[in-house]
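The structure under discussion appears below in the form of structure tokens.
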Amino acid sequence: MDKGDFEKSFNLFHFKLYKQLLSNNSKKNVLWSPFLVHLTSTKLYLCSSGKTSNELSTLLNYDPKLSKRDPARNVRNILSTIINDRYTWYSEKTLINEEHTLNDKINHTLEKYFGEGSHFYKVNFVKQERVTRKINALVENDTNHAVQSFMKDDVATGSHAVGVQVLYFKGQWEKGFNQEDVRMHPFWINDKEMIQIEMMFARNEFKYGTLKNWKSTVLELDFYKSDLSFLILLPNSKTGLKNLESKLCGKNAVKVFSTIDDCLTSKGVNIAIPKFILDIDITDIDKNLKKIGMTSIFDPKICDLTEAIQDPNIPISISKIIHKSIIKLQTRGKSVPANPMLFDTNTPNFMVDHPFMFFVRVKKSPICLLSGSIRKLEAIPLAQPNQNMYQIPAPLGMMPPPGMMPPPGMMPPPGMMPPPGMMPPPGMMPPPGMMPLQGMM
């Protein structure tokens with residue numbers, strides 16, 4: 001299985017499960033790790049036989065005629081990027097009941113392909129509190145203490161095996177945002193509802209493109225000294241997210257990222273993106289996997305993991321998969337001055353002020369650590385609820401949207417002018433009625 005075939009299979013699996021997650025979650029924010037779900041599924045495929053193996057190969061789009069170690073090698077190559085990334089911490093574990101006897105070499109094989117700590121952990125599920133403490137300790141250690149007390153409820157005593165998937169990501173931008181350029185701005189939940197959030201403004205060279213068939217634009221932001229990047233897909237309309245997700249999760253799934261990469265070009269862009277933290281648990285991801293075809297692995301009467309377990313007469317199945325993803329996007333990053341020659345009156349604006357999709361991916365690849373969409377962010381109350389929105393300055397070229405300009409003759413109040421370095425360059429005057437106050441020229 002070559003790299004191209006593996007990436008294609010990953011892409012199809014990614015958007016098939018994304019579509020299913022949306023069916024239960026169409027009005028909430030979405031955040032999950034395609035990479036971790038795929039890793040666990042590939043690990044179980046390596047351990048499976050019979051119907052369970054056939055079912056997993058179909059869902060994962062693997063050729064059953066090839067060695068099961070072929071896709072495992074591709075996962076290992078990706079892991080070399082993830083493990084060495086300075087912004088990513090993850091925990092992927094499988095715990096099985098201690099009554100099962102493992103094949104001699106299975107744990108060595110799992111660690112060879114899926115990294116240190118990917119072996120099966122034996123526990124006694126009857127001792128619920130002890131198992132919960134064990135899982136929390138493993139997750140806390142793997143995430144460098146970033147995720148603590150992960151499990152709040154004990155695992156059921158009748159469990160055969162439990163999967164744990166936790167990913168914590170906190171990036172640092174290749175081109176950072178200045179703290180003074182973070183300010184309140186409206187975020188439209190739909191055509192009529194609006195909340196105030198913290199928005200990060202910047203003006204620099206970024207990878208930007210227009211996706212006419214998807215009625216959206218796209219921006220890619222690199223992380224500092226990382227092989228990962230952050231992709232934002234922004235619908236043209238405030239209510240366009242549902243339609244965009246539908247297009248990506250349909251017949252376009254196999255070529256989502258190749259289409260995006262083909263349209264991206266580096267150019268000067270005025271951008272404004274939300275400053276946010278998402279922390280989402282998917283407590284029923286196993287149920288969603290069942291709905292897209294992964295059924296026998298969860299059924300003790302059918303589940304066949306004889307490549308890993310020596311005692312086939314003792315029933316085994318995956319009783320539960322617990323999934324958690326956290327992403328923190330703040331201003332932190334390297335200070336990179338913008339080249340003024342990149343900007344003119346045609347410089348595009350990328351204002352993320354309404355629902356959007358996003359991905360944290362391996363650069364120029366469909367392999368996504370995180371995948372999600374934001375429909376609503378936490379509102380931050382304004383100190384002066386009735387203040388005119390123009391009082392929140394915007395970088396050059398990012399004028400307030402139509403309907404939010406000040407009335408004729410109304411000037412921004414003192415102290416609300418754009419910070420130094422953000423005034424129009426010589427020869428470029430503001431529109432009539434928007435001249436800065438005396439002493440600010």
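full-length UniProt numbering numbers the first residue of the sequence shown as 1 and each following residue consecutively. C-beta atoms are modelled at their ideal positions from N, C-alpha and C, and glycine is treated no differently.
Interface flag, residue i vs chain C, CB-CB below 7 Å
i      : result
Gly372 : No chain C is present in this structure, which holds just one protein chain.
Unbroken beta strand (DSSP E) run spanning residue i, endpoints
i      : result
Phe350 : Asn349 to Met351
Cys368 : Cys368 to Ile374
Ile279 : Rather than Ile, the amino acid found at residue 279 in this sequence is Asp. First-last of the beta strand (DSSP E) with Asp279: Phe276 to Ile282.
Phe223 : Counting along the chain, Phe223 falls outside any beta strand (DSSP E), and DSSP gives it neither H nor E.
Ser325 : Lys320 to Leu329
Trp188 : Val182 to Trp188
Contact test: residue i Cβ vs the ligand PLP heavy atom, cutoff 6 Å
i     : result
Ser80 : This structure does not include the ligand PLP; it has no bound ligands of any sort.
Residue i, enclosing alpha helix (DSSP H) - first and last residue
i           : result
Pro235      : Run containing Pro235: none in the alpha helix (DSSP H); it sits in the beta strand (DSSP E), Leu228 to Pro235.
Cys47       : Pro34 to Cys47
Glu55       : Gly50 to Leu59
Thr345      : No alpha helix (DSSP H) holds Thr345; DSSP gives it neither H nor E.
Val256      : Val256 to Cys263
Leu66       : Counting along the chain, Leu66 falls outside any alpha helix (DSSP H), and DSSP gives it neither H nor E.
Leu167      : Element bounds for Leu167: not the alpha helix (DSSP H) but the beta strand (DSSP E), Ala161 to Lys170.
residue 456 : Since the first residue shown for the chain is 1 and the last is 441, residue 456 is missing from the structure and cannot be characterised.
Environment of residue i [buried if 16+ CB atoms lie within 10 Å]
i      : result
Val164 : buried
Glu245 : buried
Met341 : exposed
Arg361 : buried
Asn97  : buried
Asn204 : buried
Asn288 : buried
Glu55  : buried
Pro34  : buried
Val139 : buried
Ser266 : exposed
Ala308 : buried
His145 : exposed
His108 : exposed
Val126 : exposed
Thr143 : buried
Ile380 : exposed
Asp304 : buried
Simplified DSSP assignment, three categories, for residue i
i      : result
Met357 : strand
His14  : helix
Leu244 : helix
Phe177 : coil
Glu198 : strand
Ala379 : coil
Leu21  : helix
Arg76  : helix
Ala156 : coil
Met1   : coil
Leu305 : coil
Ser317 : coil
Val147 : coil
Ser26  : coil
Thr217 : strand
Glu205 : strand
Ser9   : helix
Asn270 : strand
Determine, using beta-carbon pairs with one atom in the region 278-297 and one in the region 322-334, whether at least three such pairs fall under 8 Å. yes
Quiz prompt | Contained alpha helix (DSSP H) runs [length at least 4] in the region 79-136, N- to C-terminal order | solution = 106-114
**Item:** Touching by the beta-carbon criterion (3+ pairs, under 8 Å), the region 285-294 and the region 132-144
**Value:** no
- Query: Is there contact between the region 68-75 and the region 202-209, where contact requires at least three CB pairs shorter than 8 Å?
  - Reply: no
Touching by the beta-carbon criterion (3+ pairs, under 8 Å), the region 355-373 and the region 309-321
no
- prompt: Does the region 214-224 come close enough to the region 181-200 to have 3 or more Cβ pairs within less than 8 Å?
  reply: no
Quick check: the region 246-261 against the region 294-308, are at least 3 beta-carbon pairs closer than 8 Å? no
Determine, using beta-carbon pairs with one atom in the region 117-131 and one in the region 179-198, whether at least three such pairs fall under 8 Å.
no
- prompt: Taking one C-beta from the region 91-106 and one from the region 15-27 each time, how about it: are there three or more such pairs within less than 8 Å?
  reply: no
With contact counted as at least three CB pairs below 8 Å, one residue from each stretch, are the region 220-235 and the region 168-179 in contact?
yes
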